[in-house]
Amino acid sequence: MSFNLLKGKKGIIFGALDPNSIAWKTAERVHEEGGEFVLTNAPIAMRMGQIDQLASKTGSHIIPADATNLEDLENLVEKSMELLGGKIDFVLHSIGMSVNVRKGRAYTDQNYDWTQKGTDVSAMSFHKTMQTLYKKDAMNEWGSIVALTYMAAQRVFPDYNDMADNKAYLESIARSFGYFFGRDKKVRVNTISQSPTPTTAGQGVKGFDGFIAYAEKMSPLGNATALDCANYTVTLFSDLTKRVTLQNLYNDGGFSNMGVSDAVMDTFVENQE
Ligand code: NAI
């Protein structure tokens, strides 16, 4: 289903690693809606991933960039404007990584070099991206910037580890930078807080299968899929949401406002018998 919601719009999409990636699904949907974009990912992910397939399918160019490296980001923004023939209308930041999670280090036993690395990749990279776009005056008026987050920023999910803190920082950056981007350039900045989703990053979290099954049972509409997230992002990139900004928007089937559901309660009662 396509509504041409993004016809004539140009953008940059970070974080498509493989067909499960939320950014991959988003790139496909943005393409279907008429948007043009540059795909980017860390150079190491290019070697591991399948981004070339996505680029040919969507008629996009690929520009490698480590999102923690300012020179890479400057090159990305300049080259994207050259390739797309003008300023940028939309940006998706779909990047997350915790070394402590990857290496099984508990929240109460952090290796702080790893913590810092995770913060830089998962949160500060969003500030760096926006600062680069802002300083280069690379965004068109009424442009839209979206980053992806998770509800562990607000509530405790023990196995989410230091990513919870990184997401809280990311959401704060969206509000703080969103103020300046709105005031000075009429650009909106939002985060989408997505249900657990089976991707490479998602499945890296300890106990992910339990996590996703629990969220499914708790949510009246069930977990939002990567495609649901892509569709929501399309609306935020479109002109239909021009004055939605500084928001953390839940795309989670209702999970974030639940206390308990019948389905979860049934399991609990059964287990007591
Ligand atoms: P994914 O593993 O497909 O995507 C993560 C991406 O981050 C990869 O493409 C990876 O190459 C990229 N990346 C890592 N370090 C980078 C760097 N230094 N520079 C540039 N890119 C770098 O996984 P997924 O789930 O699609 O993740 C996308 C976003 O969605 C992340 O922010 C994640 O935290 C968020 N999210 C994921 C949920 C899930 O359950 N999968 C739930 C809520 C939010």
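As numbered in my numbering, the sequence shown has no gaps in its residue numbers, which increase by one up to the final residue, 370. For glycine and all other residues, C-beta sits at the position ideal for the given N, C-alpha and C.
For GLU130, the three-state secondary structure derived from DSSP is coil. THR137 is the residue among MET143, SER177, LYS184 and THR137 whose C-alpha sits nearest the C-alpha of ALA164. The three-state secondary structure of ALA152, taken from DSSP, is helix. DSSP places ASN345 inside the beta strand (DSSP E), whose first and last residues are 345 to 348.
Cα atoms of ASN348 and ARG202: separation of roughly 29 Å, rounded to the nearest angstrom. By alpha-carbon distance to GLY193, the top candidate from LEU102, SER153, ASP234 and TYR266 is TYR266.
Looking at THR297, ALA271 and ARG144, the one whose alpha-carbon comes closest to that of SER118 is THR297. Scanning its chain for C-beta atoms nearer than 7 Å, with the 5 sequence neighbours on each side dropped, one finds around ASN320 the residues SER292, PRO293, ILE309, ALA312, GLU313 and GLY350, in chain order.
Beta-bridge partners of SER241 (DSSP): PHE187 and ARG285.
In this structure, LEU102 has its CB at a distance of at least 8 Å from all heavy atoms of ligand 1.
Within the stretch 285 to 352, the runs of beta strand (DSSP E) that reach at least 3 residues and sit entirely inside it are, in chain order, 285 to 291 and 345 to 348.
Nearest to ALA220 by C-alpha distance, out of ALA261, THR338 and PRO140, is ALA261. At a cut-off of 8 Å, the beta-carbon of TYR247 counts as near ligand 1: some heavy atom of the ligand is closer than that. Excluding its 5 nearest sequence neighbours in each direction, ALA142 has C-beta neighbours in its own chain below 7 Å: LEU114, listed in chain order. Taking the C-beta atoms as reference points, SER195 is found nearer than 9 Å to GLY301. Not one heavy atom of ligand 1 sits closer than 8 Å to the Cβ of THR332.
Taking a 10 Å sphere around the C-beta of PHE187, we find 16 or more other C-beta atoms and assign the residue as buried.
Here THR165 carries a coil assignment [DSSP, helix/strand/coil]. Annotated as proximal: THR123 and LEU189, with beta-carbon spacing under 9 Å. Closer than 8 Å to some heavy atom of ligand 1: that does not describe the Cβ of ILE159. When secondary structure is reduced to three states using DSSP, LYS104 falls in the coil class, being assigned neither helix nor strand.
As the crow flies, the alpha-carbon of SER153 is around 21 Å from that of GLY183. For the set ASN345, ASP325 and SER316, the Cα lying nearest the Cα of VAL361 is the one of SER316. By a beta-carbon distance limit of 8 Å, ASN287 does not contact VAL198. Their separation comes to about 25 Å. One thing to note: ILE109 has its Cβ within 9 Å of the Cβ of VAL174. Each of GLY132, THR212 and ASP217 was checked against the Cα of THR155, and the nearest Cα belongs to GLY132. With contacts defined as CB atoms closer than 9 Å, LEU151 and VAL331 fail to qualify as a contacting pair.
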